[in-house]
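Residue numbers for the sequence shown follow our numbering, so the first one is 36 and each next one is one higher. Just below is one structure, and these are the notes that go with it.
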Amino acid sequence: MDLYLDSADIAALGPLLATGLFRGVTTNPLILQRANVRLDEVPTLVEWLLERTDGDVFVQTTAQDADDIKREGSRLRAMSDRLVVKVPATRDGLTATRRLVDAGVPTLVTAVYGPRQAVLAAAAGAQWIAPYLGRMTEAGRDGHEQVARMVQVLRGSGTRTLVASIRSPEDVVGLAAAGADAVTLGADVAQALFDEPLTEAAVAQFDAAAAALR
Ligand code: E4P
Numbered sequence: 036m037d038l039y040l041d042s043a044d045i046a047a048l049g050p051l052l053a054t055g056l057f058r059g060v061t062t063n064p065l066i067l068q069r070a071n072v073r074l075d076e077v078p079t080l081v082e083w084l085l086e087r088t089d090g091d092v093f094v095q096t097t098a099q100d101a102d103d104i105k106r107e108g109s110r111l112r113a114m115s116d117r118l119v120v121k122v123p124a125t126r127d128g129l130t131a132t133r134r135l136v137d138a139g140v141p142t143l144v145t146a147v148y149g150p151r152q153a154v155l156a157a158a159a160g161a162q163w164i165a166p167y168l169g170r171m172t173e174a175g176r177d178g179h180e181q182v183a184r185m186v187q188v189l190r191g192s193g194t195r196t197l198v199a200s201i202r203s204p205e206d207v208v209g210l211a212a213a214g215a216d217a218v219t220l221g222a223d224v225a226q227a228l229f230d231e232p233l234t235e236a237a238v239a240q241f242d243a244a245a246a247a248l249r
């Protein structure tokens, strides 16, 4: 399963991208706001990200109706052939997704809360869907079960599952076991994946043994 980072905070992203373990970066307007990145600063952010990853950078449209979303998506895509356009799973968003896909623009349908939206995204030809695992669970749905259904529904289609709104490393493991293609992680969850006190204790023992052998 591929790992992406869900952040626009360059101080947090830099060290995580430097590990080489993350395939790319996803953003949305909320993530930009949390990192104090204005919309007119997005091209600078995208340039910074593209220099630090070989993979894709995902930027979300902010327009409301299908024509405007299509226009905005095409403009975003003009920044790089490694930019994937994120579009919310509204009726207008899905309409625009179909038009972007027909124009050769790779898309991710985001804010997906159930398998029927996965079916619609696949019909629109989206390259990806982003189910919101944590938010589904917090809304009283069984997020993991819903994602498992989406993986099942999308099998054989060209649409892959990139799960967002991840709350813990245990979520990541559960999603990998369920066959999700990718997850996108906030910097805190990404960092938590590396944290294992027992490994650190073992390494401290190795260090002490190595020091005694010098
Ligand atoms: C999607 O790209 C994000 O993960 C989205 O903001 C949802 O995450 P949150 O539930 O942590 O806000």
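Cβ coordinates follow ideal geometry from the N, Cα and C atoms, glycine included. Quantities reported herein were computed from a predicted structural model and do not represent experimental measurements.
#### Entry: Where the alpha helix (DSSP H) containing residue 207 begins and where it ends
204 to 213
### Query
Which runs of the alpha helix (DSSP H) spanning at least 4 residues fall entirely within the stretch 111 to 179, listed in chain order?
126 to 137, 150 to 158 and 168 to 173
### Task
Let me know if residue 187 comes out buried or exposed under the rule of 16 or more other beta-carbons within 10 Å of its beta-carbon.
exposed
### Message
Looking at residue 117: is its Cβ nearer than 8 Å to the Cβ of residue 92?
### Response
yes
### residue 170: CB within 7 Å of a non-hydrogen atom of the ligand E4P
yes
### Task
Between the Cα of residue 63 and those of 54, 73, 55 and 102, spot the shortest distance and give me the residue it belongs to.
73
### Message
Within the continuous alpha helix (DSSP H) that includes residue 93, where are the two ends?
### Response
It is not in any alpha helix (DSSP H) - residue 93 instead sits in the beta strand (DSSP E) that spans 92 to 95.
### Task
Grab the span of the alpha helix (DSSP H) containing residue 230 for me, first residue to last.
Taken as a continuous stretch (DSSP letters only), residue 230 belongs to no alpha helix (DSSP H), as it is neither H nor E.
### Query
What do you reckon, is the C-beta of residue 149 under 7 Å from a heavy atom of the ligand E4P?
no
### Reference residue 228; option with closest CA among 54, 131 and 106
54
### Task
Rounded to whole angstroms, what's the CA-CA distance from residue 48 to residue 197? Just pull it up for me.
19 Å
### Query
Looking only at C-alpha atoms, which of 159, 217, 50 and 60 sits nearest to residue 85?
60
### Message
For residue 81, report the span of its beta strand (DSSP E) as first-last.
### Response
Residue 81 -> not in any beta strand (DSSP E); alpha helix (DSSP H) instead, spanning 77 to 87.
#### Entry: Three or more C-beta pairs below 8 Å linking the stretch 102 to 109 and the stretch 128 to 138
yes
#### Entry: residue 183 in three-state terms, based on DSSP
helix
### Query
Would residue 176 count as contacting chain C if we go by Cβ distances under 8 Å?
Among the protein chains of the structure shown there is no chain C, as only one such chain exists.
### Query
CB residue 96 to CB residue 122, shorter than 8 Å?
yes
### Query
What is the residue span of the beta strand (DSSP E) that residue 264 lies within?
This structure cannot settle anything about residue 264, because the visible part of the chain is limited to 36 through 249.
### Query
Is the closest heavy atom of the ligand GDP to the C-beta of residue 200 under 7 Å?
Inclusion of the ligand GDP in the displayed structure is not the case, the ligand content consisting of the ligand E4P alone.
### Query
Do residue 51 and the ligand E4P come close, with the Cβ less than 7 Å from some heavy atom?
no
### Message
Within the continuous beta strand (DSSP E) that includes residue 74, where are the two ends?
### Response
Element bounds for residue 74: n/a, residue is neither H nor E.
### Query
Since residue 266 and residue 215 are thought to touch, with beta carbons under 8 Å apart, how far apart are those beta carbons, to the nearest angstrom?
The shown model of the chain, from 36 to 249, leaves out residue 266, and the question about it has no answer.
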